[in-house]
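Structure record follows, encoded as structure tokens.
Numbering (our numbering), first residue to last: 3 to 1017.
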């Protein structure tokens, strides 16, 4: 999993948040801390000045006493100086902490992503890190850390300084009185320490649960066609719901703990009672003035309140510590195979001789399964070596070992006689061009995808490579040419187009060694012939290792090696190997020649559609394997459009309506907040009822936690449920990629709840609603009491309300964030899908015959409306017949499957099922009758059994085995140590391409569909 620099696991300390601060950050944080401390000290300083003012007012006996006026003016001047200093301190605090937070968060994102890309293949095979977690860490975790650094840390420092300064001020005003009351102050500190420790455990558990939720969503959205085809929407929603239920329980525990911790500040009134008892005797003995006693009381009260305000921030520190721990753990992880290391040998000249000597190897994720046993292979420089054999025999593993994605357990791999483990890894990989069985494209333009093969490549070089890969012609026919966006994982391109772009990328690299892992498997016969010729030319003078199933792609190889059970059992030239009729290679050639003969008997031109009839559609693995020769066209270039759905204006009232079922908790929470806001104003009249603060805090924070948690869960569930009703075209947009939508689900649901509920466990800010209610109730009650006691002085002191309103208004920046989140939430919830699977008016037949007809269909993909894929297309398929669609890559073969699955609707014409328009059927009912096996099979993280039963959740073990046997998968599954319980990894990473295909076939077979479609 990579090794950490520390021997022990790093602790989840809050200091991890500051670990990657540089000298500039240290300086800005120091200046910001100075501002926070100055602001915090301004409050106790004000009460000290107020004590002098009160004594000056109380010492006079006549309004004619000029000495009193002088003293009052002096104290008022001090207030003015203090106000000016406090204003400067607040500006310094906000400016420097915000700047530092932004810089550190940006640096964390860069370091984290760099660390992820630094890890070796073993790390991703054996760790729980997946795409969803990376997206979550880059977005939510770093945003959380930024929020803590920019807002929560200075706010916490300010309030703690206020508390400490208040304690120091009480010593200054009367050390004797303070010594009596100070031991009781510890009763305010201990609950906070216990609360912080409890929050650390809660935050860790919460992070783990949300990581699980993110993984579920990420997998579903990145494989939306598979989810829709197998009507797995409710499966995804139920899994997501079960995880969110666990987070609700954790959140309620946190709300209760917060109420207990903050409620313990009721001990302030105990301190008041002790101070009043002892202070009165000191006044009678003239040891202290009444003004000082009152100031000390207010200092204790406000110091305690500052501590109470600071305590909720421990929650965010705990969450930030958890986030920083995971980010730091990744950043500090040093992989066993580190491509960033500059050490190692760099050969002056590479001839390209490759040797495998007595290699033993097992994948780290499956150490019990031996892939290579004493594997030896020699490829002379400039020669081509073809590896053939059964799926899972280890052919592709040779390429992975040569690229040093893994290291062998024993034996050695040599390049020009030098062990590759002694070579500089970055240089080694620069000497090889790889085209994988499942081509990987990035969500950018065709030009940039090809240029990944060579830094600073010129347009002429890119065009030349594309021509050599037979890609230039189809690229230039696209409206945007080389600037066409390929979409997430190349979804806008057909399988053959993706493969040719990947080949062009490898050829642009012009490496001395070419590695081709089923490089032409997705191409039609014409394109395959042209590209194969180009590859043959490109391979001249280069060492080439080809992994293939089809004999047609390996005939010209200098040497062919047959791999079985991790060993080379036969090797030689094509003509040499077929001379041995009992050999494995000769048997393979005979099998494929029989297949080719069968295909020739029904030969047609590439633009025709071949129909073959049969009484029954027999499902056998060899039929499916022949179907894999066909390829699909998904689509698009890049074009942005705005949906015309009219959405209602999102308001706070609409969001509150989502919390309507928790109206009792809302009422109790508001009553608790009002009671807590009133307690300070009423303390003079009810100083004996200090238990009041404890009770109302528990009521307030627990009930707001209930509101916040259920709102967050409800928003997330509704957003996911709504998203899973959207048509496939919506997901094709760049802004609606799986990562973007997954991030939106987590971040904006939290922000939506935050704008209403400060107590929301997953919000990024504190209890803003409760703080507002507390402040407003405090203002109202304080004004009422003061107007009754001394209305003239009360009117003069109304200016103090500004500070209270400012405290309540500290949520302004959070509301600004929340408003955008609320808009985004309701844009999703208010959008109407053009093909809603929830439509209850659609036909839901119990069975169908299986007739399919496309009548005068015109079609263009929504994101590429200027490119007509089908024009006046007609096709009729009788029930029980099998039909093969053949033609050039990108001609629209797979589009037909997309229309039958109703991933898209035609622009003109109709798609008919049993002579009824497909639009009349209930969408989920329709897809229940269709089984789909894609060209690039999609598996979900989980066991093999879980993946097979995805098409039928209530399947018995016998049905699962029967489907696996029909797909020719049962044999290899039984050879795995954990059998059907073997974990497939993220997107089936732990299995070979052929194994993934057979599991996908078994999943479709288990469904027992009336229509079976394969690409």
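We put the beta carbon where it would ideally sit given N, CA and C, even for glycine. Nothing here was measured: the structure is a model prediction, and the numbers come from that model.
Taking the Cα positions, residue 592 is about 23 Å away from residue 568.
In this structure, residue 868 sits near residue 481, with a CB-CB distance shorter than 7 Å.
In the DSSP annotation of this structure, the continuous segment of the beta strand (DSSP E) that includes residue 913 starts and ends at 910 to 915.
With 16 or more other CB atoms across the displayed protein chains lying within 10 angstroms of its CB, residue 233 is buried. In this model, residue 873 and residue 908 are separated by some 10 Å (Cα to Cα). Per DSSP, residue 362 is one residue of the beta strand (DSSP E) stretching across 356 to 363.
Per DSSP, residue 261 lies in no beta strand (DSSP E) segment; the continuous alpha helix (DSSP H) that holds it begins and ends at 235 to 265.
Taking a contact as a CB-CB distance under 8 Å, the pair residue 1008 and residue 946 does not count as one, their CB atoms being some 12 Å apart. Per the coordinates, the alpha-carbon of residue 489 lies some 29 Å from the alpha-carbon of residue 985. A residue is called buried when at least 16 other Cβ atoms come within 10 angstroms of its Cβ; residue 203 does not meet this threshold and is exposed. Here residue 273 is near residue 302, since their CB atoms are less than 7 Å apart. Per DSSP, the beta bridge partners of residue 421 are 416. Between the region 848 to 866 and the region 898 to 914, the count of Cβ pairs shorter than 8 Å is three or higher; the stretches touch.
Approximately 5 Å separates the beta-carbon atoms of residue 966 and residue 1004; this is inside 8 Å, confirming the contact.
Where residue 507 is concerned, there is no enclosing beta strand (DSSP E), although the alpha helix (DSSP H) around it starts and stops at 497 to 510. A residue is called buried when at least 16 other Cβ atoms come within 10 angstroms of its Cβ; residue 209 meets this threshold and is buried.
DSSP, reduced to helix, strand and coil, places residue 489 outside both helices and strands of the structure shown, so it counts as coil.
Here the alpha carbon of residue 841 sits roughly 27 Å from the alpha carbon of residue 940. Distance from the CA of residue 656 to the CA of residue 370, rounded to the nearest whole angstrom, comes to 56 Å.
Rounded to the nearest angstrom, the Cβ distance from residue 516 to residue 508 is 7 Å, consistent with a contact under 8 Å. DSSP places residue 670 within a helical segment (H, G or I) once states are collapsed to three. For residue 878, the pairing in a beta bridge is given by DSSP as 855. Sequence-distant partners of residue 864 (beyond 5 residues in either direction) whose C-beta falls short of 6 Å from its own C-beta, in its chain, are 731.
Partner residues in the beta bridge of residue 437, as assigned by DSSP, are 518.
Residue 211 places its beta carbon 7 Å or farther from that of residue 155.
For residue 471 against residue 505, the beta-carbon gap comes to about 4 Å, under 8 Å, which counts as contact.
Cβ contact annotation for residue 565 (same chain, cutoff 6 Å, sequence separation greater than five): 389, 391, 395, 396, 397, in chain order.
With respect to residue 386, residue 541 sits close: the two C-beta atoms are nearer than 7 Å.
The Cβ atoms of residue 553 and residue 563 do not sit closer than 7 Å to each other. Counting C-beta pairs with one atom in each stretch, the region 40 to 47 and the region 89 to 96 have three or more that are closer than 8 Å, which means they touch. Taking the CA atoms as reference points, residue 118 sits about 18 Å from residue 220. Beta bridge pairing from DSSP links residue 845 with 923. Residue state for residue 380 is assigned as strand, using DSSP reduced to three classes.
A Cβ-Cβ distance of about 6 Å is found for the pair residue 164 and residue 305, placing them in contact under the 8 Å criterion.
DSSP places residue 104 within a helical segment (H, G or I) once states are collapsed to three. The beta carbon of residue 74 sits closer than 8 Å to the beta carbons of 55, 58, 59 from its chain, once the five residues preceding and following it are set aside; these are given in chain order.
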